[in-house]
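Undergrad: Protein chains in written order, with UniProt numbering: chain H, 1 to 243; chain V, 1 to 243. Glycine included, each C-beta is placed from N, C-alpha and C at the ideal position. From a predicted model like this one, the values you see are computed outputs, not experimental measurements.
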DNA sequence: CGATATTTTGACATGGATCAAGTCTAGTGG
DNA sequence: CCACTAGACTTGATCCATGTCAAAATATCG
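Structural data, given as structure tokens:
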């Protein structure tokens, strides 16, 4: 099958852990579900895992048994289609929850894999839900995190449904820029995204070829620069209008 | 693609119909947030509202101040674009939560309006969250409801990103069919959806013209029938394959 | 029964997909 | 240090699914 080129690009992003160029970093605070809670509760076993870039965290249909917070690195969740195409559902950044996208009945609705090397802190669902049912605050934090994810997903729906290729690419890059900013602070106009054009294609529902052309045009128009993971929003105002 | 993975399992909900052609119906139970709780808590004022078809429940950017359960009728949430197009984000069916799609900071992320006449049971956010923080079960139910919405949204993302017009239409109609079934029970192959081709177009990101052509073709191929809101899935197997 | 929305049909335009090379880059091994 | 290689990125030529515009047919409703 033609899967090869579409599925493996990640494997080549495998820059090693904890280097300055790559976005692997420690994370002290997690505003989604308090990691202190999370780590305390996960105390009945070794629950922090380090995984290499390209690792599969879970596959579509796997048992729905564990939730994680991503402490470091980037991951993605995606759905695979028979024709070999995949849709990237969301990019998972440090501090985000992952593993709640399933149900007891049907297992995980989507697969997840590490884009860079990652560090995960995970716990059994049974325990997670038990904790939720004991602690309203914890459950509320969880609900808020999921609401945030849902809002991102709805934005994505809007972009995919109504926008041109330009708009979808702009939308995605601006969103990622904002999320990275929110995590890292600072205001260097350049941010580092460990993704390539194939990721953008799979997230926006375009072909890599057309992503390339679209980026080229945006570059020529002075909207942004994106090369080897370095993203600079040159004209945020005009970009926002496009998005 | 396996149908099961595309369509989130919606736990079966209540029953009881009020008028035969129109989907307005009484609702005894709500598995998302227990309406008994909901109504009890909303006791400090008249909180059940009846609204006519076409009413605006809230607009994009409105204050984020109230959540509702939809007791009867259909509603939709949508995002409007400058060019006049709109993206329907989700269809809200009896038993669903509505009004949690926003944040204190930015207000409601999307607008909502009634498709049919609706009955809403609503309460202030402040009270809703207070109740959540006192009752883990309530908070958990809320979290589960939100998770279900997020999964529907992700399905929608996958459909919009990777599927042809046929696939998107099939996807939407099959999903709605299942949701209605889950609510109404029974197994009449025909279900009543109070939507028209324009709704389908706005939800799938197509033009009404092309929706029409697509439906015509599917009808000719013996896949389904959809006319004046009456939907019959003639060949669910093949439809699932298309979707 | 006229007025207004919805659905259907046709002719034509176009954004993006597809196919096919070619170039550039970062690893790898000698 | 260089040659080799496999991905990733570019570019060009061509095709087709879907959008756009226009108008007729049909349903809905006061």
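If you run the structure through DSSP and keep just helix, strand and coil, what is residue 100(H)?
TA: Here residue 100(H) refers to the residue found at position 100 of the first chain. Correct three-state label for residue 100(H): coil.
Undergrad: With a Cβ-Cβ cutoff of 7 Å, do residue 98(H) and residue 68(H) count as a contact?
TA: For the purposes of this step, residue 98(H) is identified with residue 98 of the first chain, where counting begins at 1. For the purposes of this step, residue 68(H) is identified with residue 68 of the first chain, where counting begins at 1. In this structure, residue 68(H) lies closer than 7 Å to residue 98(H) by Cβ.
Undergrad: In this structure, how does DSSP classify residue 231(V) when only helix, strand and coil are distinguished?
TA: If you number the second chain from 1, residue 231(V) lands on position 231. Here residue 231(V) sits in strand by DSSP.
Undergrad: Can you pull the chain V residues whose beta carbon is under 7 Å from the beta carbon of residue 136(H), in chain order?
TA: In the first chain, counting from the first residue as 1, residue 136(H) sits at position 136. By Cβ distance, chain V contributes 132, 133, 134, 135, 136, 139.
Undergrad: DSSP three-state label for residue 66(V), please.
TA: For this step, residue 66(V) is matched to residue 66 along the second chain. Strand.
Undergrad: I'd like the list of long-range same chain contacts for residue 96(H), defined as Cβ closer than 6 Å, with 5 residues on each side in sequence excluded.
TA: In the first chain, residue 96(H) corresponds to position 96, counting from 1. Cβ neighbours of residue 96(H) beyond the five flanking positions: 70.
Undergrad: I want to see whether chain V comes within less than 7 Å of residue 290(H), judged by CB atoms only; does it?
TA: Absent from the structure is residue 290(H), since the part of chain H shown begins at 1 and ends at 243.
Undergrad: Look at the alpha carbon of residue 195(H) and the alpha carbon of residue 85(V), and state the distance between them as a whole number of angstroms.
TA: As a first step, residue 195(H) must be located in the first chain, where it is residue number 195. As a first step, residue 85(V) must be located in the second chain, where it is residue number 85. Whole-angstrom Cα-Cα distance: 31 Å.
Undergrad: Decide if the stretch 190-206 of chain H is in contact with the stretch 138-146 of chain H; the criterion is three or more beta carbon pairs, one per stretch, under 8 Å apart.
TA: Taking 8 Å as the limit for Cβ pairs, the verdict is that the stretch 138-146 of chain H does not touch the stretch 190-206 of chain H.
Undergrad: Can you name the start and end residues of the beta strand (DSSP E) that residue 127(H) belongs to?
TA: Along the first chain, one-based indexing puts residue 127(H) at 127. Unbroken run through residue 127(H) is the alpha helix (DSSP H), 125-134; no beta strand (DSSP E).
Undergrad: Return no unless some Cβ of chain H is closer than 7 Å to the Cβ of residue 310(V).
TA: Residue 310(V) lies beyond the range of chain V shown here (1 to 243); nothing can be said about it.
Undergrad: If we count the other Cβ atoms within 10 Å of its Cβ and call it buried at 16 or more, is residue 148(V) buried or exposed?
TA: Locating residue 148(V) in the second chain gives position 148, where the first residue counts as 1. By the neighbour-count rule (16 or more Cβ atoms within 10 Å), residue 148(V) is buried.
Undergrad: State the CB to CB distance for the pair residue 239(V) and residue 231(V), rounded to an integer number of angstroms; the pair is presumed to be in contact (CB under 8 Å).
TA: Locating residue 239(V) in the second chain gives position 239, where the first residue counts as 1. Locating residue 231(V) in the second chain gives position 231, where the first residue counts as 1. Their Cβ separation, rounded to whole angstroms, is 11 Å, which puts residue 239(V) and residue 231(V) out of contact at 8 Å.
Undergrad: What are the boundary residues of the beta strand (DSSP E) that includes residue 113(H)?
TA: Walking along the first chain from the start, residue 113(H) turns up at place 113. Residue 113(H) -> beta strand (DSSP E) spans 111-114.
Undergrad: With a threshold of 7 Å on Cβ separation, who are the neighbours of residue 301(H) within its own chain once the five nearest residues in sequence on each side are excluded?
TA: Only positions 1 to 243 of chain H appear in the structure, and residue 301(H) is not among them; the question remains open.
Undergrad: Hey, how far is the Cα of residue 80(H) from the Cα of residue 241(H)?
TA: For the purposes of this step, residue 80(H) is taken as residue 80 along the first chain, with counting starting at 1. For the purposes of this step, residue 241(H) is taken as residue 241 along the first chain, with counting starting at 1. About 32 Å.
Undergrad: Please determine, among 119(H), 102(H), 225(H), the residue with the shortest C-alpha to C-alpha distance to residue 94(H).
TA: Indexing the first chain from 1 puts residue 94(H) at position 94. Comparing Cα positions, the closest option is 119(H).
Undergrad: Let me know the secondary structure DSSP gives residue 195(V) once reduced to three states.
TA: For the purposes of this step, residue 195(V) is identified with residue 195 of the second chain, where counting begins at 1. Of the three classes helix, strand and coil, the one that applies to residue 195(V) here is coil, per DSSP.
Undergrad: Of all the options 47(H), 50(H), 62(H), 76(H), which has the alpha carbon lying nearest to the alpha carbon of residue 176(H)?
TA: Locating residue 176(H) in the first chain gives position 176, counting from the first residue. Of the candidates 47(H), 50(H), 62(H), 76(H), the one whose C-alpha sits nearest the C-alpha of residue 176(H) is 76(H).
Undergrad: Evaluate residue 134(H) with the Cβ neighbour count: other Cβ atoms within 10 Å of its Cβ, from every protein chain shown; 16 or more gives buried, anything less gives exposed.
TA: Counting from one through the first chain, the residue named residue 134(H) turns up at place 134. Exposed is the call here.
Undergrad: Just by C-beta distance, which residues in the stretch 171-195 of chain V are closer than 8 Å to chain H?
TA: Result list empty, no residue passes.
Undergrad: Please confirm if the stretch 103-115 of chain H is in contact with the stretch 55-63 of chain H, defined as three or more CB-CB distances below 8 Å between the two stretches.
TA: yes
Undergrad: On the DSSP bridge list, what partners appear for residue 88(H)?
TA: Here the question's residue 88(H) lines up with position 88 in the first chain. Answer is 78(H), bridged to residue 88(H).
Undergrad: Using a cut-off of 8 Å between C-beta atoms, extract the partners of residue 89(H) located in chain V.
TA: As a working note, residue 89(H) is residue 89 in the first chain. Correct list: 154, 157, 158.
Undergrad: Give a yes or no on whether the minimum CB-CB distance between residue 79(H) and chain V is below 7 Å.
TA: Start at 1 with the first residue of the first chain, and residue 79(H) comes out as number 79. It does; some Cβ of chain V falls within 7 Å.
Undergrad: At least one CB of chain V closer than 7 Å to the CB of residue 125(H): is that the case?
TA: Within the first chain, numbered from 1, the residue matching residue 125(H) stands at position 125. No, its Cβ sits nowhere closer than 7 Å to a Cβ of chain V.
Undergrad: Determine the DSSP secondary structure at residue 190(H), reduced to helix, strand or coil.
TA: Position 190 of the first chain, counted from the first residue, corresponds to residue 190(H). Three-state DSSP puts residue 190(H) in a strand.
Undergrad: Going by C-alpha distance, which of 228(V), 203(V), 219(V) is nearest residue 235(V)?
TA: In the second chain, residue 235(V) corresponds to position 235, counting from 1. Of 228(V), 203(V), 219(V), the residue nearest in Cα terms is 219(V).
Undergrad: Counting only beta-carbon atoms, is residue 199(H) nearer than 7 Å to chain V?
TA: Indexing the first chain from 1 puts residue 199(H) at position 199. It does not; no Cβ of chain V falls within 7 Å.
Undergrad: Please list the partners that residue 242(H) has in chain V, where partner means a Cβ-to-Cβ separation under 7 Å.
TA: Here residue 242(H) is taken as the residue at index 242 of the first chain, counted from 1. Per Cβ cutoff of 7 Å: no residues; residue 242(H) is ~12 Å from chain V at best.
Undergrad: Could you tell me whether the Cβ atoms of residue 64(H) and residue 102(H) are closer together than 7 Å?
TA: Along the first chain, one-based indexing puts residue 64(H) at 64. Along the first chain, one-based indexing puts residue 102(H) at 102. In this structure, residue 102(H) lies closer than 7 Å to residue 64(H) by Cβ.
Undergrad: Can you name the start and end residues of the alpha helix (DSSP H) that residue 213(V) belongs to?
TA: Walking along the second chain from the start, residue 213(V) turns up at place 213. Its alpha helix (DSSP H) spans residues 208-220.
Undergrad: Kindly indicate which three-state DSSP category residue 223(V) falls into: helix, strand or coil?
TA: Numbered from its first residue, the second chain carries residue 223(V) at position 223. It is coil, neither helix nor strand.
Undergrad: At a Cβ cut of 7 Å, what residues of the stretch 48-78 of chain H count as close to chain V, listed as they run along the chain?
TA: 60, 61
Undergrad: Using a Cβ cut-off of 8 Å, pull out every chain H residue sitting near residue 205(V), in sequence order please.
TA: Along the second chain, read from residue 1 onward, the residue named residue 205(V) stands at position 205. Correct list: 160, 161, 162.
Undergrad: Under the three-state reduction of DSSP, which class applies to residue 166(V): helix, strand or coil?
TA: In the second chain, counting from the first residue as 1, residue 166(V) sits at position 166. The answer is helix: DSSP assigns residue 166(V) an H, G or I state.
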